[in-house]
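Presented below is the structure to which this report refers.
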Amino acid sequence: MIVFISDLHFVDETAGKQNIPISAFELFLSNLKTHSENTKNKEKELKIVFLGDIFDFLRTEEWFKEKEEDRPWGNNTENMKKRAKIILDKIAEKNKDTFNLFSKDNLEKTFKDTNIETIYIPGNHDRLCWMIDELKEKVMELLGLNANNTNNFKHSFFNIEHGVYATHGHIFDNFNYEGGSSYTDLDYGLVPIGDPITTKILAKIPSKLIKNIKLKNTLSSEDIIRLKYNFREIG
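In case it helps, our numbering puts the sequence shown at residues 28 to 262.
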């Protein structure tokens, strides 16, 4: 059985508390366990493919601590890499209970007598995870990835046995993919206009606006919650 899960957009919460609660993933794994136990195959196998935008390196205020050239759309500097590591560490801390669910030990304990495997395919909001080697080890730890699995950190996933081909899909969005039709690493590494738009507009403006509204006490708590939701829907 192959299961795809994408666009979780785990964030460091500096630009808003938008993380999915652990209860959703507990239910998700519980349902997977039920399906796995009911399978007719004697040799039980489960592949969980994380299909991009699992981590969100754009919806954060951390980049405003760096100069323009040290941001994801800058010159790929050492400062950019260090800041990306800080963001990933904060994401891990804010979602540590959820990531514990996907640890190798917990998955093997949950899915006994099942050959379980997790695979990670990056998207556009977490493209830094395959571009920066320092991030890969942390990602492997958080998602319970096998270091010897060559499917990890590729731009697509395919399985001949199941007749499946999957990719994150941002290549079909001109705002989030700047490369050509050859789909090489060089293509995927080009910075799309969606990166600065997400950080400078969808992360910065809502945060600044909400803080200003709270200071002036011009809206009720209910209206502020509604305003936050509307901004999230934009992205």
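Built from N, CA and C at the ideal position, the CB exists for glycine as well.
By the Cβ rule, the region 130 to 148 does not count as touching the region 98 to 105, because fewer than three pairs are nearer than 8 Å.
Counting only runs that start and end inside the region 191 to 231, the alpha helix (DSSP H) elements of at least 4 residues fall at 212 to 216, 221 to 224. Membership of Ile114 in any beta strand (DSSP E) is not indicated; the residue belongs instead to the alpha helix (DSSP H) covering 105 to 121.
Taking 8 Å as the cut-off, the Cβ atoms of Leu172 and Leu115 do not count as close.
In this structure, the beta-carbon distance from Leu128 to Phe52 falls below 8 Å.
When the alpha-carbon of Lys123 is set against those of Asp132, Tyr215, Ile198, Ile49, the nearest one is in Ile49. Taking a 10 Å sphere around the C-beta of Val166, we find 16 or more other C-beta atoms and assign the residue as buried.
Asp39 sits away from Lys94, with the two beta carbons spaced by 8 Å or more.
Inter-residue distance for Ala193 and Leu78 is about 8 Å (C-alpha atoms, whole angstroms). The DSSP-derived three-state label of Asn102 is coil. Its chain contains Pro149, Leu162, Val166 as the residues whose beta carbon lies nearer than 6 Å to that of Cys156, once the 5 sequence neighbours on both sides are disregarded; these appear in chain order.
With contacts defined by Cβ atoms closer than 8 Å, Leu56 and Ala230 do not form a contacting pair.
The beta-bridge partner set that DSSP reports for Ile29 consists of Lys74. For Thr41, no alpha helix (DSSP H) run applies, since DSSP gives it neither H nor E.
Residue environment analysis places Asp222 among the buried positions, since at least 16 neighbouring C-beta atoms fall within 10 angstroms of its C-beta. For Glu144, the three-state secondary structure derived from DSSP is strand. Within the same chain, Cβ atoms closer than 6 Å to the Cβ of Glu144 are found at Lys74, the five residues on either side in sequence being excluded.
When secondary structure is reduced to three states using DSSP, Ser183 falls in the strand class. Pairing Thr137 with Lys60 gives a Cβ-Cβ distance under 8 Å. Glu53: member of the alpha helix (DSSP H) spanning 49 to 64, first to last residue. Take the alpha-carbon of Glu188 and the one of Val76: they are about 15 Å apart. Gly190 and Met28 have their C-alpha atoms some 12 Å from each other. In this structure, Ile228 lies away from Phe202, with their beta-carbon atoms at least 8 Å apart. Counting along the chain, the unbroken alpha helix (DSSP H) around Trp157 starts and ends at 155 to 158.
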